[in-house]
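J.: At position 127 of the sequence shown (counting the first as 1) the number is 133 in the working numbering, and the numbers step up by one without a gap.
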Amino acid sequence: MNLKRVVVTGLGALTPLGNTVEEYWKGLSNGVSGAAPITRFDASLFKTQFACEVKGLDVEQFIDRKEARKMDLFTQMGLIAADQAILDAGIDLEKSNLNRIGVILGSGIGGLKSFQDEVTDFAKGDGTPRFNPFFIPKMIADICAGHVSIKYGFRGPNFVTVSACASATNAIIDAFNYIRLGKADIIVSGGTEATITEAGVGGFNALKALSQRNDSPQTASRPFDKERDGFVLGEGAGILIIEEYEHAKARGAKIYAEIVGGGMSADAYHLTAPHPEGLGASNVMIAALEDAGLKPEDIDYVNVHGTSTPLGDISEVKAIQKVFGEHAYNINISSTKSMTGHLLGAAGAIEAIASILAIQNSLVPPTINHFTDDEEFDSRLNLTFNKAQKREIRAALSNTFGFGGHNASLIFKKING
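1. Take K393 as the anchor and find which of L17, L23, G37, G24 has the nearest alpha-carbon.
2. Just curious, the alpha helix (DSSP H) that K157 is in, first and last residue?
3. What's the gap between the Cα of L213 and the Cα of A279?
4. Can you give the Cα-Cα distance for T390 and S344, rounded to whole angstroms?
5. Could you give the distance in angstroms between the alpha-carbon of K72 and the alpha-carbon of N405?
6. Since T167 sits in a beta bridge, which residues does DSSP pair it with?
7. Give a yes or no on whether 8 Å exceeds the smallest Cβ distance from I305 to chain E.
8. Can you tell me the Cα-Cα spacing of A256 and S102, whole angstroms?
9. P223 and T313 - do their beta-carbons sit closer together than 8 Å?
10. Taking the DSSP output, what are the residues bridged to V13?
11. My guess is that F418 and E264 are in contact by the Cβ rule of under 8 Å, so how many angstroms apart are they, rounded?
12. Residue range of the alpha helix (DSSP H) that E28 falls in?
13. Rounded to whole angstroms, what's the CA-CA distance from P302 to F330? Just pull it up for me.
14. Are S35 and G112 closer than 8 Å when you measure CB to CB?
15. Determine contact between the segment 184-202 and the segment 342-356, defined as no fewer than three beta-carbon pairs at a distance below 8 Å.
16. With a cut-off of 8 Å on the beta carbons, I'd call A95 and T15 a contact; round off their distance for me.
17. Start and end of the beta strand (DSSP E) containing N309?
18. What do you get for Q82, buried or exposed, if any count of 16 or more other CB atoms within 10 angstroms of its CB means buried?
19. Given a cut-off of 8 Å on the beta-carbon distance, is the pair D191 and E250 in contact?
20. Check this for me: beta carbons of H412 and A293, under 8 Å apart or not?
21. In chain order, what residues of the same chain lie with their CB nearer than 7 Å to the CB of I149, ignoring the 5 residues before and after it?
22. Are the Cβ atoms of T315 and S341 separated by less than 8 Å?
23. I'd like to confirm the pairing. Which residues does DSSP put opposite L416 in its beta bridges?
24. First and last residue of the alpha helix (DSSP H) that includes I326?
25. Three or more beta-carbon pairs under 8 Å between the segment 45-59 and the segment 203-218, yes or no?
26. Under a three-way DSSP split, which group does L63 fall into?
27. Which residue marks the beginning of the beta strand (DSSP E) containing T346, and which one marks its end?
28. Just to confirm before moving on: does the CB-CB distance between L17 and A88 stay below 8 Å?
29. For I107 versus G152, is the C-beta spacing smaller than 8 Å?
30. Kindly identify the DSSP beta-bridge partner or partners of E303.
31. Do N309 and A259 have their C-beta atoms closer together than 8 Å?
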């Protein structure tokens, strides 16, 4: 069976660095941190009092107030980013076969704020159940894909993937596979997450997963730095329009990049800790390369999972060196989470967008906040510290790893013919 070629024809983003793709890329290029004290709730009693929030978003500019009240923030942000991407792709709904346009999104947790608020209100009462009729539809992780489908009439494959922080990458891989198998012409894909709540921050603090650098939020996310002390929680949404190549050409769509491979693996090791030698991470990159029909030498940039945790950063770099060998010293490696924080189930989507824009602009976004070298890392590796670097990027690999040992990698390639 001949597999169809798959390309990206539209992008949308709501991120801690900006509320459009253009603002997001400007922030990445300039090494801007999106971290600041938490404004979504009073965090004064929490061990971590800062996060990477989406800023200045007036939801009612984009969604009718009555409809917005039926949605959790994660759905609102996903729908707004989807609107951006669909507009960017120039999809003509009148001329499109809506039966062959799907929506496959990722979310690691879903409507955490809605769940927290409803259960808290119930607990404060006398035991009489008084729940909002939209409680369940606001909370469930699949609902954003449903909203996008209903708004635009897309009747193709429609579901959500949940694999913790690998969710959005898994969603994009699913979209990629459905299209190259001929099951759809276009799929709206990516991820959305909004967990900067008391339960989200408190829960991750209990796991000792978050940085507690409250005196310096903007420098707290410091992947590969010797003094790194955990990740910074982020929120937002990233949406990509994934399309069959000939279909995109026929309608004269602009093409950002080609998706050429996706890999998936499991650590089979621990609920929250990575395999110490990066076994699952190396396996997933090898799987993506094999799927793409590429050699390690064909990759110029790796956008790493790189969360700024003591164990995670080391295991991922070990995996990169195992997979790429001597070529590891020729590639650029960077963690854009140093700027955006960790968007959990949406991380893979905004990092896919970062990888695509790096290819388009021949510019590798930096790993900011590097202050102290860690002797655990080979000094010959180019971890793109502190400033963006210009280089031609033929192909970029993007990694995302999730609690439960879920690993997913995507490879994007400069479009040729």
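We treat Cβ as the ideally placed atom computed from N, Cα and C, and that holds for glycine.
Quantities reported herein were computed from a predicted structural model and do not represent experimental measurements.
T.: According to the structure shown:
1. G37
2. 149-158
3. It is roughly 11 Å from the alpha-carbon of L213 to the alpha-carbon of A279.
4. 11 Å
5. 38 Å
6. Residue pairing from DSSP places T167 in a beta bridge opposite G112.
7. Looking at the structure shown, chain E is missing, and only one protein chain is on hand.
8. 12 Å
9. no
10. E249, E264
11. 7 Å
12. 27-35
13. 5 Å
14. no
15. yes
16. 5 Å
17. 307-309
18. buried
19. yes
20. no
21. For I149, where only same-chain residues beyond five positions count, the Cβ hits under 7 Å are T81, P143.
22. T315 places its beta carbon 8 Å or farther from that of S341.
23. G268, S404
24. 316-330
25. yes
26. coil
27. Taken as a continuous stretch (DSSP letters only), T346 belongs to no beta strand (DSSP E), being part of the alpha helix (DSSP H) at 343-346.
28. no
29. no
30. Beta-bridge partners of E303 (DSSP): none assigned.
31. no
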